[in-house]
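These notes concern the structure reproduced below.
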Amino acid sequence: MLCLSSRPWLGYIHQGHFLLTPLSYETLEFAASFSSDQCAEGVVAVAGDALRIFTIERLGETFNETAIPLRSGEAAKKECFEAAGMGENGSANAGQMENGGDDEDKDDLLSDEQYGYPKAESEKWVSCIRILDPRTASTTCLLELQDNEAAFSVCTVNFHDKEHGTLLAVGTAKGLQFWPKRSLVAGFIHIYKFVDDGKALELLHKTQVEGAPLALCQFQGRLLAGIGPVLRLYDLGKKRLLRKCENKLFPNTIVTIHTYRDRIYVGDIQESFHFCKYRRDENQLYMFADDCVPRWITASYHIDFDTMAGADKFGNVYFVRLPQDVSDEIEEDPTGGKIKWEQGKLNGAPNKVEEIVQFHVGDVITSLHKASLIPGGGECIIYGTVMGSLGALLPFTSRDDVDFFSHLEMHLRQDHPPLCGRDHMAYRSAYFPVKDVIDGDLCEQFPTLPLDMQRKIADELDRTPGEILKKLEEIRNKII
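Next up, the structure:
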């Protein structure tokens with residue numbers, strides 16, 4: 001059954017249950033069933049000024065994915081989107097090359113895309129800067145980095161000088177080694193100008209720095225750079241970037257930077273988040289809050305003025321928030337003397353953030369982003385993991401939903417434990433106690449329970465099994 005709304009919906013029976021799923025296709029105006037020798041079960045539809053005939057092939061797949069092949073061997077990439085010209089341009093950088101075949105396979109006629117290119121020499125880096133047009137899935141510009149340089153950070157920046165418009169800043173390191181100890185020859189920040197309507201890059205200049213710039217971010221018409229344990233503010237010069245101010249009080253290495261108004265949210269590789277404030281009249285960066293729990297950050301995202309979302313390398317995702325009274329006190333300080341002279345204990349910041357969400361995903365999260373996957377849908381936090389899975393964190397909008405899913409999760413923990421006997425609560429609290437998160441994967445197992453078990457759980461929740469299934473479907477459709 002096909003239903004047409006703001007987007008097409010498909011109703012079908014799967015594993016004995018009727019499912020209503022949004023179709024991963026463009027908006028259809030009219031549709032009807034279609035059958036022929038080449039297309040036994042098809043649909044003929046009108047989309048805009050086009051007549052389309054299609055079939056539903058993969059009922060179990062949630063997303064419609066499109067693969068854009070890049071050069072083989074790109075192991076690490078960062079993307080940033082620049083609104084210029086015709087649309088959005090992506091920029092990515094490549095890491096080390098993948099393993100290739102042995103010497104005995106030199107005469108093999110199989111493609112390099114299947115077996116990979118030959119592995120680079122030890123202590124050698126291969127990296128590039130790529131502009132990708134997502135509409136045509138084509139590369140419009142590819143710049144190879146020379147002299148054993150590797151790119152580690154990228155961002156777009158608009159300096160106070162409007163002569164060049166939006167520029168691209170890329171942080172690179174030359175001759176970086178991780179063993180036997182971390183060392184590098186030099187670090188650089190490249191500044192590129194977009195040309196040809198954003199389809200190509202032109203190098204303005206490159207500035208040498210003392211460490212690897214692992215984090216870059218625009219801030220009030222200037223460029224913030226995290227260079228080792230130093231947070232530094234740069235302005236644009238004619239031949240190089242100009243230092244304006246810096247803060248050297250961070251414990252280890254800065255890996256993420258986010259900004260909002262005059263606040264700066266810095267992620268340290270081992271010590272979680274640090275909240276900073278920039279005072280323009282003094283041209284100083286002050287750290288006024290940090291996290292009391294040391295976390296090895298792998299991804300971060302700015303939620304609101306007082307809240308940050310982060311993930312660590314042990315498979316946890318968490319949210320931290322600055323207490324409201326501390327936030328008001330910081331903002332209402334007219335002279336800035338409290339931030340300047342207030343001292344913390346044990347080399348820490350004077351204030352601490354509070355953990356409001358904690359959940360063990362079980363896989364290392366590599367990216368966090370806030371997005372809406374359906375038109376008109378609510379925003380949620382989308383995360384991707386190192387093993388290639390995608391997940392979503394959807395905020396509840398009513399207390400009734402929180403109570404319902406909390407009790408449903410509790411009953412499923414008791415009546416439907418994991419197959420291997422592992423305690424669900426202990427797993428989701430592997431490193432820190434789970435806090436204010438409902439395990440949607442566990443709740444999704446309700447339709448797979450025997451009917452008598454479904455009725456038992458539904459009776460304890462004062463609902464029918466159909467109402468529970470409808471509630472699960474509503475939450476699922478808010479995301480996809």
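If you're matching positions, the sequence shown starts at 1 in the UniProt record's numbering and goes up one per residue. Yeah, the Cβ is synthetic: ideal placement off N, Cα and C, and Gly gets one too.
query, result
"Output yes or no for whether 9 Å exceeds the beta carbon distance between Ser-127 and Leu-142.", "no"
"If you check the beta carbons only, do Val-320 and Ser-272 fall under 9 Å apart?", "yes"
"What are the partner residues of Glu-202, as DSSP defines its beta bridges?", "Lys-193"
"Are there 16 or more other CB atoms within 10 angstroms of the CB of Gly-226, so buried, or fewer, so exposed?", "buried"
"Can you tell me where the beta strand (DSSP E) holding Tyr-427 begins and where it ends?", "Looking at the DSSP string, Tyr-427 is not in any beta strand (DSSP E); the run it does join, the alpha helix (DSSP H), is 424-428."
"Taking its Cβ as the centre, do 16 or more other Cβ atoms sit within 10 Å of Glu-149, making it buried, or is it exposed?", "buried"
"So is Asp-133 buried or exposed if we call it buried at 16+ other beta carbons inside 10 Å?", "buried"
"By a C-beta neighbour count over all protein chains shown, 10 Å radius and 16 as the cutoff for buried, is Ala-40 buried or exposed?", "exposed"
"For the region 379-436, which segments carrying the beta strand (DSSP E) assignment without a break, of at least 3 residues, lie completely within its bounds, in sequence order?", "380-385 and 390-393"
"Going straight from the alpha carbon of Gly-344 to that of Asp-290, what length do you get?", "10 Å"
"Below 6 Å CB to CB, which residues in the same chain sit around Ser-367 once its five sequence neighbours on both sides are set aside?", "Ala-299 and Gly-384"
"Could you compute how far the alpha carbon of residue 491 sits from the alpha carbon of Arg-413?", "Nothing about residue 491 can be read from this structure; the chain reaches only from 1 to 480."
"What's the call for Asn-93, buried or exposed, on a 16-neighbour Cβ count within 10 Å?", "The predicted position of Asn-93 is uncertain, since its pLDDT is 42 and thus under 50; a value taken from the coordinates is nonetheless stated next. It is buried - the Cβ of Asn-93 has at least 16 other Cβ atoms within 10 Å."
"Please list, in chain order, all residues of the same chain as Phe-405 whose beta carbon is under 7 Å from its beta carbon, the five residues on each side excluded.", "Ile-438 and Cys-443"
"Assign Asn-247 to one of two classes, buried (16 or more other C-beta atoms within 10 Å of its C-beta) or exposed (fewer than that).", "buried"
"Under a three-way DSSP split, which group does residue 490 fall into?", "As displayed, the chain neither begins before 1 nor continues past 480, which places residue 490 out of reach and without an answer."
"Drop a sphere of 10 angstroms on the beta-carbon of Glu-29, count the other beta-carbons inside from all chains shown, and report buried for 16 or more, exposed for fewer.", "exposed"
"Any contact between the region 152-161 and the region 226-239? By contact I mean 3 or more CB pairs, one from each, below 8 Å.", "yes"
"Inspect the beta-carbon positions of Ser-175 and Val-154 and report whether they are closer than 9 Å.", "Checking the sequence, you will find Gly at residue 175 rather than Ser. No; because the gap between Cβ atoms is not below 9 Å, this pair is not in contact."
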